[in-house]
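**Q** Note that the sequence shown covers residues 1 to 231 in the UniProt record's numbering. Have a look at the structure that comes next, please.
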Amino acid sequence: MRFTFWEDFLALVFPKTCANCKRSLFDFEKTLCKACIARLPITNYHLQPQHNDLVIKVMGLTKPGLVMSFLRFTKKGVSQQLLHQLKYKNKPEIGLELGSIYGQLLSVHGFKDHWDVIVAVPLHPQKMRRRGYNQSEQFGRGIAETMEIPFEQLLVRTMYTETQTKKSRLERIENVAAVFKVAKSHATSGLRVLLVDDVMTTGATLAACANTLHESGVAQVDMAVIAAGRY
Ligand SMILES: [Zn+2]
């Protein structure tokens with residue numbers, strides 16, 4: 001059953017607008033208009049997932065698998081705008097849609113049978129309560145749905161990490177090292193995992209999660225983020 005009247009009424013009062021350019025959306029568009037989707041700064045990491053600057057970033061911090069970023073991060077560009085709304089403007093649907101577009105891209109490029117499960121870097125429960133959702137999980141669920149791979153939150157965050165911005169690279173790495181645990185209810189042995197996060201800066205958080213997963217017997221941890229670079 002469709003509540004057409006109610007939907008039309010809402011659309012009249014609050015027309016849905018593109019999360020990037022603010023133009024009114026057509027019925028078939030979800031959170032981004034077609035023009036903005038076509039202009040997303042999509043990277044080529046999926047074409048060389050084993051040999052790129054992001055792999056080099058996590059090398060030495062964890063056993064590196066494939067490491068990819070969906071979008072190129074540019075200051076004041078589309079990716080920054082979308083990440084800002086996803087994290088701070090109560091727009092979880094942006095994460096879902098970006099994940100869904102990325103899932104299609106990865107499927108086309110032969111990653112369909114590459115992973116058994118998709119896992120997101122968990123938020124601290126306090127932050128989760130404040131925001132109401134985990135933005136990385138939204139991205140992961142979008143990928144999972146499109147690629148028909150289960151999403152399972154295998155990881156939990158155990159300690160609050162102090163703000164990272166004033167710390168050195170080494171301090172940051174130490175700071176996150178002991179923060180993640182595998183949730184007790186999950187069997188992880190032999191799994192091939194795609195670990196997702198919203199952004200990658202130093203790679204320390206993703207590496208800490210990957211190490212926790214490896215210690216629990218996971219066979220392979222690959223990584224994908226919405227955007228990489230300075231944020
Ligand atoms: Zn737009």
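We treat Cβ as the ideally placed atom computed from N, Cα and C, and that holds for glycine.
Among all residues, which have a Cβ less than 7 angstroms from at least one non-hydrogen atom of ligand 1, and in what chain order do they fall?
**A** CYS18, ASN20, CYS21, ARG23, LEU32, CYS33, ALA35, CYS36
**Q** Do you know how far the Cα of ILE101 is from the Cα of SER107?
**A** 10 angstroms
**Q** Would you mind sorting ALA35 into buried or exposed? The rule is 16 or more other CB atoms within 10 Å of its CB.
**A** exposed
**Q** Would you tell me roughly how many angstroms separate the C-alpha atoms of MET200 and PHE5, rounded to the nearest one?
**A** 43 angstroms
**Q** Of the choices PHE26, SER136, SER189, PHE180, whose alpha-carbon is the least far from that of MET223?
**A** SER136
**Q** Using only the alpha-carbon positions, how far apart do PRO125 and VAL225 sit?
**A** 21 angstroms
**Q** Using only CA atoms, which one of HIS214, TYR45, PRO122, GLN104 lies nearest to SER189?
**A** Looking at the Cα atoms, HIS214 is the closest of the given residues.
**Q** Do you know whose CA, among GLY65, LEU61, GLU97, lies nearest VAL193's CA?
**A** Comparing Cα-Cα distances from VAL193 to each of GLY65, LEU61, GLU97, the minimum goes to GLY65.
**Q** Can you tell which of LEU83, SER69, MET68 has the C-alpha that lies nearest to the C-alpha of LYS75?
**A** LEU83
**Q** On a CA-only basis, which of ALA183, MET128, ASN90, LEU105 is nearest ILE42? Give me that one, please.
**A** LEU105
**Q** To the nearest angstrom, how far is it from the Cα of ILE94 to the Cα of ARG129?
**A** 19 angstroms
**Q** Using 10 angstroms around the beta-carbon of SER69, count the other beta-carbons present and answer buried if the total reaches 16, otherwise exposed.
**A** buried
**Q** Got a sec? Which residues, its chain only, sit under 6 angstroms from LYS16 by beta carbon, not counting five neighbours each side?
**A** LEU25
**Q** Where does the unbroken beta strand (DSSP E) through LEU106 begin, and where does it stop?
**A** Where LEU106 is concerned, there is no enclosing beta strand (DSSP E), although the alpha helix (DSSP H) around it starts and stops at 92 to 108.
**Q** Any idea what DSSP makes of PHE73, helix, strand or coil?
**A** coil
**Q** Across which residues does DSSP place GLN220 in a beta bridge pair?
**A** ARG192
**Q** Can you tell me the Cα-Cα spacing of THR158 and LEU123, whole angstroms?
**A** 10 angstroms
**Q** From THR212 to LYS89, what distance separates their C-alpha atoms?
**A** Straight through space, the alpha carbons of LYS89 and THR212 are spaced by roughly 31 angstroms.
**Q** According to DSSP, simplified to helix, strand and coil, what is ALA19?
**A** coil
**Q** Kindly indicate which three-state DSSP category LEU213 falls into: helix, strand or coil?
**A** helix
**Q** Going straight from the alpha carbon of GLU29 to that of GLN138, what length do you get?
**A** Each residue's alpha carbon lies about 18 angstroms from the other.
**Q** Assuming the contact rule is C-beta atoms closer than 8 angstroms, GLN153 and ALA187 should be a hit. Round their C-beta distance to whole Å, please.
**A** About 14 angstroms; that fails the 8 angstroms criterion.
**Q** Here's a check: name, in chain order, each residue in its chain whose Cβ is nearer than 7 angstroms to the Cβ of residue 292, leaving out the five neighbours to either side.
**A** Residue 292 is absent from the structure shown; the chain starts at 1 and stops at 231.
**Q** Does the Cβ-Cβ distance between residue 265 and LEU96 come in under 7 angstroms?
**A** The requested residue 265 does not occur in the structure, where the chain is confined to residues 1 to 231.
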